[in-house]
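Report on the following structure.
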Amino acid sequence: METCASCGRRAPRDKVVRYDRTIVYSTDLKTADDVKVMQRRKMYYCVSCGKSRGIFEKKKRQAMAKYNR
Ligand SMILES: [Zn+2]
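Residue -11 in the working numbering is what sits at position 8 of the sequence shown, and the numbering runs on without skipping anything.
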């Protein structure tokens, strides 16, 4: 079971959409001391949230970009 990142509903793994999101943490110092951390997080959305948040469109675009390379 996975928890939807949007509505918090729990759904079986084959009923959720996995979406890898890159989150950037930055200290925003705008100097050489600025620290930036990139973190990839796996987010899970249930089918209805995936639709309303455009996850399917994003995934389709990602797949197309990979295909055209
Ligand atoms: Zn949901």
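Glycine is no exception: its CB is placed at the ideal position from the N, C-alpha and C atoms.
For this session: Using DSSP bridges, identify the partner residues of residue 1.
Result: As a working mapping, residue 1 is identified with position 20 in the sequence shown. For residue 1, which the question treats as bridged, DSSP gives the partners 23.
Exercise. Roughly how many whole angstroms lie between the Cα atoms of residue 55 and residue 5?
Worked result: Summary: the structure shown does not reach residue 55, with the chain confined to residues -18 through 50, and so no result is reported for it.
For this session: Return the CA-CA distance between residue -1 and residue 13, expressed in angstroms with no decimal places.
Result: For the purposes of this step, residue -1 is identified with residue 18 of the sequence shown, where counting begins at 1. For the purposes of this step, residue 13 is identified with residue 32 of the sequence shown, where counting begins at 1. Distance between the alpha carbons of residue -1 and residue 13: 36 Å.
Problem set entry | residue 2 beta carbon near ligand 1 (any heavy atom closer than 7 Å) | To locate residue 2, count along the sequence shown from 1; it is residue 21. No; taking the cut-off as 7 Å, the Cβ of residue 2 has no heavy atom of ligand 1 nearer than that.
Exercise. Where DSSP assigns a beta bridge to residue -17, which residues make up the other side?
Worked result: If you number the sequence shown from 1, residue -17 lands on position 2. According to DSSP, which records beta bridges pairwise, residue -17 is partnered with -8.
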